[in-house]
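Chains A and B, in that order, are what the protein sequence lines are.
Just so it is clear: in the first sequence, position 149 is 158 by my numbering, and no numbers are missing.
Just so it is clear: in the second sequence, position 345 is 1351 by my numbering, and no numbers are missing.
Okay, structure first, notes after.
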Amino acid sequence: MVDKRLAIVVDTKRCIACNSCAVACKIENNLPNEVWWNRILNVGGSNMDSPSGTYPNLSMQTITLSCQHCENPACVKVCPVGATYKDPETGVVRQDYDKCIGCRMCMSACPYTGVRSFNWEEPGYHVDFAVGDADVVPHQKHTVEKCTMCWHRLAKDLQPACMEVCIGRARFFGDLNDPESEVSKLIAKRQYIQLLPEMGTKPSVYYLV
Amino acid sequence: MTDTSNVAVLDDDMDFAPAKERAGAKAAAWGGRGLTVGIGVAAVLTAIGIALWAVQLSGGMVQTAMRNLDSWGLYITMFMFFVGLSAGGLIISSVPKAFGIRGFGGISKVAVMSSIACTVAAIGMVVVDLGQPLRLWELFAYSNLGSPLMWDIIVLGTYLILSCVYLWAQVRAEQGKVSHTALRVISVVALVCAILVHSVTAWIFGLQQGREMWHTALLAPWFVSSALVCGTGLVMCVAAALRAAGYLALDQANLVRLAKLLAAFVLVDLYFFGCDLLTEAFPAAGGLAVVEMLTAGPLAPFFWGEVVLCAVAAVICLVPSLRTTPLMVAAGLCAIVAILCKRVQLLVGGFQIANIGLPGPVGPMTVTGWESGMAGAYQGMVYWPAPIEWGVALGVVALAVLVFLLGVKFLPLRPQD
C-alpha cells in the first residue's frame, strides 16, 4: 500500500470567517482555556473582521491557520526526544504529550507563528466535564500541543472535526498521494498558495485563491 | 611531529617540581571571613532560587512572562550568555599549554574554575527553563541525535566533565603525577570542546530557517568570538579581584596582555556584527526589518549599548596610557555587559518579528503584552522577564558563584610559588 499524504485544502473564496472550524476544533479536542489549535486570521485588515482598502474599494480575506503538517517539518528535526514526529503512513505531524520535556524548541523552530501552544499552567476548562471525543488524549501541563488532524477521528475513518462544520463548505480533506481524491483534483484545477513556501517546509495545507 | 620537550620552559604556568607544601593544606590556609560570608550569601540566594523554581513548577510557568509567541526568555538568554562566559577561562588556560606559548601568569587554574562555574550556570539555566524537568532522563533514553539541542546537551556535559578533568590534571601535574604530554593532550581536547560548545549553542538558533535573525551561517563563529570577548573580560576581572584580595600575585604585564587580547577579540566580534548587518540589510528584503528593529526599533538600547560598550572596551585596551588596573577591569566589565546586550538582542529579536503577524484571536497565553492586542504587544520589546524569572535566574547565578567560591576556598587553585 502506498503511504498517504493527508492534506487540508481551504477555499479562501468560500471562507466567510465564521470561526466555526476553530470552535469545532476547540470542542472536539476538549482544548483547555485560552488554547486554540486553529485560528482565523484577517488578511489586510488591521483587526479581526475588519476589511482592507479604503471605501468604496474594500475587500475581506481570511486564512485559517493551524499546524501545516509539513512534509519537511522544522519542529520534528529539533525535538531532542522525538516527542514530535511524523507519522510515516499518513504524513501527519504528531505530538506525544507523555514524552514532551517542555523545552519549547519546536515552538522556536516552527515558522508558522502560533500554531503550537504550550500549556503554561494546569489545563483549566470552563465546564467541569470533558467535551468532545472521549478518545482525545488528555492535555498536560507544561507540554507543547497543536492540531493532530483529529488523529482520534482518522482512526475511525472520519474527517477532522473542522471539516464537518464548515458552513461555506470551504474546507476539504484527503490524500494528496491519491490523484482521484477531492483535494488532489482541487489543487490540480484551482490556483492555490501555501504559507511561507520559502521556508522549504512543504506544508500540507493549501489555500485556494 | 610536535616536539613537546622544550615546552615546559616556555610555559610559566607550570612548575613540575614537587610542591613544597601540600597544595590542599596551602589552599585551606587561605580565605578570611569575607570569603565565608560570600559563600553563605551565595548559598542563601541559591536556596531562594530553588524555592522560586519550585513555585514556578507547581503554580505553572504562566507566572513567567513567556508566552506562545515568545516562548523563550531570560533563562535561554542567560544560557547563551553563560556558555559564552565559560569560554574565556578554559581558552585562556588551555591555549598556552596546547600551543606551547607563554601563559598568563598563575591564573590558569582559577580561570578553569571560573569556566566550570559558568558551565554549571549554563546547564542550570536550561533546566529551569524546562516545563517537565523530571523527564530529563528521556534525553538519554529517546535521544533524537538530529536535534541541535541534543548536540548541545552532549557537548555541554562533555565540556563540564572535561573542564573538571583538566583542572584536576593541572593540579596533579604540579605534584608531578601527570606527565606534561598528557596535560598537553587534555588541553588540546578541552580547547576543541570549548570551540564546539559555542558552535553548537549557536546552531540551536542558527539552524532554524523560521527565524530570519537567527538563520545565518555566521552565527557559530560569531558565538565563538563573542564568547572570547566576554570570557576574556571575566578572566581579567576575576584575576584583578583575586590579586587585590591577596589570593595570587599577578604581573601587571600579564593583565596588559589579557587586555590586548580582549581588544583583538572585541574588534573581531564587531567585524562579524558589521558583516551580518550588511548582509541582512543589503538586499532590502526581509532582513532589513531585522536591522531596523536593532538600530532604531525596540531593541535599539541593547544594540547601541553593545556597540558603545565594545568601543569603550577596545579603546581602553588599545591605548597604552589607559591600561591601568581600574580601567582594564572596567573594560572587562564593559565587554561582559556588551555581550549580555548581544544575547538579549538575539533572543528577543528572534521573536520580535512574527512571520505571520496577521490580526486574529489573542489571549493571555498568546503573547506577553496581549492586553493591547497583537500590534500593541510588538510595539516595544515583545518580551520582558517577570519577577519570578529574575529570582530563579539570580538563584542559578548564585549557584555558579557558590561553586566558584567553594573552589577558591577548598581547592588548590593558587599558583605554586
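Built from N, CA and C at the ideal position, the CB exists for glycine as well.
Partner residues on chain B for residue i, Cβ-Cβ distance less than 7 Å
{"i": "N51/A", "result": "L1364, P1365, G1366"}
{"i": "H151/A", "result": "M1067, G1137, Q1138"}
{"i": "S55/A", "result": "P1365"}
{"i": "W45/A", "result": "P1367"}
Sequence-distant residues of the same chain with beta carbon closer than 8 Å to residue i, five excluded per side
{"i": "L1136/B", "result": "L1142"}
{"i": "Q1215/B", "result": "H1221"}
Per-residue contacts from residue i into chain B (C-beta, under 9 Å)
{"i": "W129/A", "result": "G1066, M1067, V1068, Q1069, T1070, M1072, R1073, N1074, G1137, P1370, M1371"}
{"i": "G209/A", "result": "Q1215"}
{"i": "L74/A", "result": "I1362, L1364, G1366"}
Own chain partners of residue i with C-beta closer than 6 Å, once the 5 adjacent residues on each side are dropped
{"i": "H161/A", "result": "D142, D144, V145"}
{"i": "L1166/B", "result": "T1125"}
{"i": "V1318/B", "result": "C1340"}
{"i": "M1084/B", "result": "M1131, A1399"}
{"i": "Q1358/B", "result": "M1299, V1388"}
C-alpha distance - residue i paired with residue j, whole-angstrom precision
{"i": "D166/A", "j": "L195/A", "result": "21 Å"}
{"i": "A118/A", "j": "R1420/B", "result": "45 Å"}
{"i": "T93/A", "j": "K13/A", "result": "19 Å"}
{"i": "A1265/B", "j": "P1326/B", "result": "10 Å"}
{"i": "P1154/B", "j": "L1300/B", "result": "26 Å"}
{"i": "T1372/B", "j": "A1053/B", "result": "32 Å"}
{"i": "R178/A", "j": "M172/A", "result": "8 Å"}
{"i": "I1201/B", "j": "C1236/B", "result": "14 Å"}
{"i": "A1060/B", "j": "A1251/B", "result": "36 Å"}
{"i": "L15/A", "j": "V153/A", "result": "22 Å"}
{"i": "V1194/B", "j": "V1133/B", "result": "29 Å"}
{"i": "L1283/B", "j": "I1098/B", "result": "29 Å"}
{"i": "P132/A", "j": "Q1138/B", "result": "15 Å"}
{"i": "T1187/B", "j": "P89/A", "result": "37 Å"}
{"i": "H151/A", "j": "S68/A", "result": "40 Å"}
{"i": "R1028/B", "j": "L1268/B", "result": "Low confidence applies to R1028/B: its pLDDT is 41, below 50, so where it sits in the model is not reliable enough to give any reading."}
{"i": "Q1181/B", "j": "P120/A", "result": "56 Å"}
{"i": "A1247/B", "j": "F1110/B", "result": "15 Å"}
Proximal residues of chain A, C-beta to C-beta of residue i below 7 Å
{"i": "L1080/B", "result": "Going along chain A, no residue has its Cβ under 7 Å from L1080/B, so there is no contact; the nearest lies around 14 Å."}
{"i": "Y1148/B", "result": "V90, G91, K108"}
{"i": "M1156/B", "result": "P89"}
{"i": "S1077/B", "result": "R113, M116, S117, F127"}
{"i": "A1360/B", "result": "T122"}
Close-in-space but distant-in-sequence residues of the same chain around residue i (CB under 7 Å, 5 per side omitted)
{"i": "Q70/A", "result": "T21, V52, G53"}
{"i": "N1150/B", "result": "M1156"}
{"i": "G1292/B", "result": "E1218"}
{"i": "D1158/B", "result": "V1206, T1207, I1210"}
{"i": "F1308/B", "result": "C1347, V1350, Q1351"}
CA nearest to the CA of residue i, picked from the options
{"i": "Q200/A", "options": "L74/A, I25/A, Y216/A, A33/A", "result": "Y216/A"}
{"i": "P1418/B", "options": "V1407/B, L1254/B, P1227/B, S1185/B", "result": "L1254/B"}
{"i": "Y134/A", "options": "A33/A, N42/A, R23/A", "result": "N42/A"}
{"i": "F1229/B", "options": "I1210/B, L1364/B, A1147/B", "result": "I1210/B"}
{"i": "C1243/B", "options": "N1074/B, I1056/B, M1219/B, P1332/B", "result": "P1332/B"}
{"i": "A1057/B", "options": "G1379/B, V1402/B, V1409/B, A1406/B", "result": "V1402/B"}
{"i": "P60/A", "options": "I25/A, I36/A, C76/A", "result": "I25/A"}
{"i": "R48/A", "options": "V1134/B, T1070/B, I1045/B, V1368/B", "result": "V1368/B"}
{"i": "F1087/B", "options": "I1097/B, T1070/B, L1346/B", "result": "L1346/B"}
{"i": "C27/A", "options": "I1129/B, G1366/B, S1193/B, V1177/B", "result": "G1366/B"}
{"i": "V1409/B", "options": "A1049/B, R1039/B, V1043/B", "result": "A1049/B"}
{"i": "H1204/B", "options": "T1187/B, L1234/B, K1183/B", "result": "L1234/B"}
{"i": "Y106/A", "options": "P97/A, R125/A, F181/A", "result": "R125/A"}
Listed by chain order, chain B residues near residue i by CB distance under 8 Å
{"i": "V19/A", "result": "None at all; the shortest Cβ gap to chain B is about 14 Å."}
{"i": "H78/A", "result": "By Cβ distance, chain B contributes nothing, its closest Cβ being about 16 Å from H78/A, past 8 Å."}
{"i": "L204/A", "result": "I1362"}
Sub-8 Å separation of residue i and residue j beta-carbons
{"i": "G959/B", "j": "S1121/B", "result": "Residue 959/B lies beyond the stretch modelled for chain B, which goes from 1007 to 1423, so this question has no answer here."}
{"i": "C159/A", "j": "P147/A", "result": "no"}
{"i": "V218/A", "j": "I17/A", "result": "no"}
{"i": "A1344/B", "j": "I1322/B", "result": "no"}
{"i": "T122/A", "j": "A1360/B", "result": "yes"}
{"i": "C156/A", "j": "S29/A", "result": "no"}
{"i": "G1152/B", "j": "K108/A", "result": "no"}
{"i": "Q1176/B", "j": "L1189/B", "result": "yes"}
{"i": "L1305/B", "j": "G1355/B", "result": "yes"}
{"i": "A1128/B", "j": "L1405/B", "result": "no"}
Under 8 Å from the C-beta of residue i: neighbouring residues of chain A
{"i": "L1142/B", "result": "I110"}
{"i": "I1159/B", "result": "P89"}
{"i": "Q1214/B", "result": "A83, V87, S117, A118"}
{"i": "L1145/B", "result": "P89, V90, I110"}
{"i": "G1356/B", "result": "S117"}
Chain A residues whose Cβ lies nearer than 9 Å to that of residue i
{"i": "M1131/B", "result": "Simply none; closest approach about 12 Å."}
Contact with chain D by residue i, beta-carbon distance below 8 Å
{"i": "Y1384/B", "result": "Protein chains A and B are contained in the structure displayed, whereas chain D is not."}
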